[in-house]
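> Under the working numbering, the first residue of the sequence shown carries the number 4, and numbering increases by one thereafter.
Encoded as structure tokens, here's the structure I'll be asking about.
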Amino acid sequence: MKTIISHKRLSTARKARAFLYALSFLGLLGCSADGSLSQSSSVVANFEVTPPPNFTRGLLERRAPEPLYPLRARNLGIEGWVMLGFSVNADGEVINNSIRTIQEQPEGYFELSATNAARRLTFQNIRGELVEDIRYVFRYQLEGLDPPSSNAPADIIQFREMLPLRLITPAYPEVAQELGLEGFVVLKFTVSKSGAVSDIVIDQSEPPGVFDVEAIRATQRLRFDPRIVVGEPVRVEEVSYRFDWKLPQ
């Protein structure tokens with residue numbers, strides 16, 4: 004009888020110890036999970052990639068246009084930056100077909116805007132020769148940026164909020180290439196509620212008439228995000244856009 008009781012007590016003690024071990028193990032798992040979740044949350048909350056510095060190879064900026072803040076990113080409250088690489092010719096102008104994206108944070112919002120701004124960059128090139136592999140960062144910060152206004156005049160709308168969905172590279176006229184001509188064309192047009200282009204006119208052309216035909220053809224292929232006012236797409240007139248033609252160095 005004593006032996007049976009002894010075995011029962013031993014069995015009960017073993018079960019108690021096993022139960023305590025199980026509780027301890029579950030407690031450790033819980034702490035580990037909480038720690039992992041906390042660490043994961045911390046990583047998400049603190050996720051921020053600092054943009055790298057500019058690398059201009061000693062060239063000084065002569066004109067640094069402010070990039071247009073994409074309307075979609077602004078409405079979503081998204082900030083970020085884009086690093087571009089490009090070459091600068093002897094006159095200090097960015098060679099358009101050399102522009103490429105090195106890094107973008109976050110992806111999918113600012114690349115087109117940065118590329119358009121880079122096309123208008125100019126530098127003081129005291130070397131007087133081609134300078135390659137320039138690295139330049141465009142930053143996008145909402146702080147201090149005026150909110151969009153439904154009563155904004157057309158000239159503000161066209162330059163701040165009308166960005167094409169993709170870049171169009173116009174063809175280089177054969178005659179201009181043979182003669183070594185470079186130039187640009189500024190066009191004005193209307194963007195419909197659907198984002199299509201119409202009513203295209205030449206506003207400025209240099210040299211006159213050389214690149215007009217290709218500029219109009221390229222403009223016809225442009226598509227835009229429609230301008231939204233009070234939740235509805237609206238037609239926007241007098242939108243300006245510039246195409247440049249540069250011969251390869």
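Every residue, glycine too, gets a C-beta built ideally from N, C-alpha and C.
Compute the Euclidean distance between the alpha carbons of Thr59 and Tyr139, then round it to the nearest angstrom.
Roughly 7 Å separates the two Cα atoms.
> Report the rounded CA-to-CA distance for Asp247 versus Phe187, giving the unit in angstroms.
Their Cα atoms are separated by approximately 4 Å.
> Which residue marks the beginning of the beta strand (DSSP E) containing Gly104, and which one marks its end?
Gly is not the amino acid found at residue 104; the sequence shown has Thr there. Here the beta strand (DSSP E) through Thr104 covers Arg103 to Gln108.
> Tell me which residue opens and which closes the beta strand (DSSP E) that Ser90 is part of.
Note, Ser90: beta strand (DSSP E), Gly83 to Val91.
> Compute the distance between the beta-carbons of Ser243 and Leu190, then report whether it is under 9 Å.
A contact, by the Cβ cut-off of 9 Å.
> By a C-beta neighbour count over all protein chains shown, 10 Å radius and 16 as the cutoff for buried, is Arg122 buried or exposed?
Buried.
> Kindly give me the distance between the Cβ atoms of Arg238 and Ser195, rounded to whole angstroms, as I take these residues to be in contact under 8 Å.
At roughly 6 Å, the Cβ-Cβ gap stays under 8 Å, so Arg238 and Ser195 are in contact.
> Go through its chain and collect everything with a Cβ distance to Gln127's Cβ below 7 Å, but skip five positions before and after it.
Leu62, Leu63, Arg65 and Gly95, listed in sequence order.
> Apart from the five residues on each side of it in sequence, which residues of its chain come closer than 6 Å, Cβ to Cβ, to Leu170?
So the list is empty, once near-sequence residues are dropped.
> Where do the N-terminal and C-terminal ends of the beta strand (DSSP E) with Ser195 fall, by residue?
Run containing Ser195: none; DSSP gives neither H nor E here.
> Can you tell me which of Thr118, Ala93 and Ile137 puts its alpha carbon nearest to the alpha carbon of Pro56?
Measuring from the Cα of Pro56, the nearest candidate turns out to be Ile137.
> Of all the options Ser197, Arg226 and Arg245, which has the alpha carbon lying nearest to the alpha carbon of Glu235?
Nearest C-alpha to Glu235: Ser197.
> Helix, strand or coil for Thr125? Go by DSSP, reduced to three states.
It is a strand residue.
> Decide if Ser101 is buried, meaning its Cβ has at least 16 other Cβ atoms within 10 Å, or exposed.
The residue is buried, with at least 16 neighbouring Cβ atoms inside 10 Å.
> From Val213, Ala179, Thr125 and Pro167, pick the residue whose C-alpha is nearest to that of Arg230; which is it?
The residue with the shortest Cα to Cα distance from Arg230 is Pro167.
> Taking all protein chains shown into account, do 16 or more other C-beta atoms lie within 10 angstroms of the C-beta of Pro211, making it buried, or fewer, making it exposed?
Looking at its Cβ environment, which holds fewer than 16 other Cβ atoms inside 10 Å, Pro211 is exposed.
> Around the Cβ of Ile98, are there at least 16 other Cβ atoms within 10 angstroms (buried) or fewer (exposed)?
Label assigned to Ile98: buried.
> How far does the alpha helix (DSSP H) with Arg238 in it reach, from first residue to last?
Careful: Arg238 lies outside any alpha helix (DSSP H) and carries neither H nor E.
> Where does Val188 sit, in a helix, a strand or coil, going by DSSP?
In the structure shown, Val188 sits in a strand (DSSP, three-state: E or B).
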